[in-house]
DNA sequence: TGCTCCATGTAGCAATCGCTACATTAAGAT
DNA sequence: ATCTTAATGTAGCGATTGCTACATGGAGCA
């Protein structure tokens, strides 16, 4: 049924926009449908049930995220690990990334609790980010693969601490780890 | 009104137990009340409304977390940063800490979205953890304050990546950062 | 004995939840 | 022209949401 698949893919961007603004926790069918210009009746018709809808929506959001990462960053490598860390931190602080970040913690919470579809989408986004980070590592880095994982762990810790008002703690940690210029 | 305060504090542990098992997202009054052996009617009576209940519950959970941290770890210092990192990672992998960890991501998500009470509780728990980590740092460490923040950022990143199925990525990062013995 | 007031049970309200039964439209196939 | 079928609207179901109105018990105080 190509028309069904077309309909799904027509709906998903609008659903994603709504979820990016209002979060996943309170996402119920009627507001979602309204945001997509249709009815709850039709959402069930196209996706079968809410669980499937959310799973497909998460997959779509992961795709959007990948595209946003690609757009936000040119392909050229950094010259130092410090520069590499600074770049990805700068991406995270862009205003248009804030909605993603807020939604991200919803997804992490769902993944931790084992909700269907959450872990897959989260893992996909992390894999994508890791690949991008590896591509950004300095050409003369002695261990680009390990270094990228090291940087990524530090970055994610920084994002989490920032989310709960401990951003300064994280920055001091980055400083002490030599990942920020002193 | 001491009786009201007593009632609140009598209820909070049972409410916390329920939330630790079932999460904060789906926590509604009637299941909470049932877990506490009372009625939704009485929860509203004692706490005024659900928002206040959740805020006080989060504060209580932060207190529980602090106590659990103290219990789980003796007071003596580690001898190296590696040992320090290993200790706190070991704490996080204890089975009785799993419920806390799952709930933690709910709290982070609420804090990121700005829900009332979440950020305060999360910040309190992170402050407590930081203090504990500083007390664990090696006595001969050249920069215990910065080192504790560095370790904490790495640890939080590791926990997040583990929650989304990228625990191996984090471990490789810790290895590359010299925080795990190779 | 009355009076007062905190604590609690019972019942229910309006809103929202995911989902479904049924009817209707419209387009394409025969 | 008829038949079939995908797509959609309307209406509603039973459950659950946070919260409230009302009545009642029961303890302390006069």
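Chains as they are written, first to last, in the numbering used here: chain A, 1 to 182; chain B, 1 to 182. Beta carbons: idealized from backbone N, C-alpha and C, even for Gly.
Check: Nearest residue (CA-CA) to residue 122 (chain B), options B:38, B:164 and B:109; Outcome: B:109
Check: Cβ pair residue 31 (chain B), residue 18 (chain B) closer than 8 Å; Outcome: yes
Check: Whole-angstrom distance between residue 33 (chain B) and residue 15 (chain B), CA atom to CA atom; Outcome: 8 Å
Check: Residue 57 (chain A): CB within 7 Å of a non-hydrogen atom of the ligand SAM; Outcome: With respect to small molecules bound, the structure shown includes none, and the ligand SAM cannot be examined in it.
Check: Local Cβ density within 10 Å of residue 168 (chain B), reported as buried at 16 or more and exposed below that; Outcome: exposed
Check: Residue 125 (chain A) versus residue 72 (chain A): straight-line alpha-carbon distance, rounded; Outcome: 15 Å
Check: Range covered by the alpha helix (DSSP H) that runs through residue 46 (chain A); Outcome: 40 to 47
Check: Three-state class that DSSP yields for residue 148 (chain A) in the structure shown; Outcome: helix
Check: As assigned by DSSP and simplified to three states, the class of residue 12 (chain B); Outcome: helix
Check: 8 Å contact criterion, which residue 141 (chain B) and residue 81 (chain B) should meet: CB distance rounded; Outcome: 7 Å
Check: CB of residue 174 (chain A) within 8 Å of CB of residue 153 (chain B), strictly; Outcome: yes
Check: Any C-beta of chain B under 8 Å from that of residue 136 (chain A); Outcome: no
Check: Member of A:50, A:51 and A:61 whose CA lies at the smallest distance from the CA of residue 12 (chain A); Outcome: A:61
Check: Straight-line gap, residue 165 (chain A) to residue 77 (chain A) (C-alpha atoms, nearest Å); Outcome: 31 Å
Check: Within chain B, partners of residue 106 (chain A) - CB distance below 7 Å; Outcome: 109
Check: Enclosing alpha helix (DSSP H) for residue 91 (chain B) [first to last residue]; Outcome: 81 to 92
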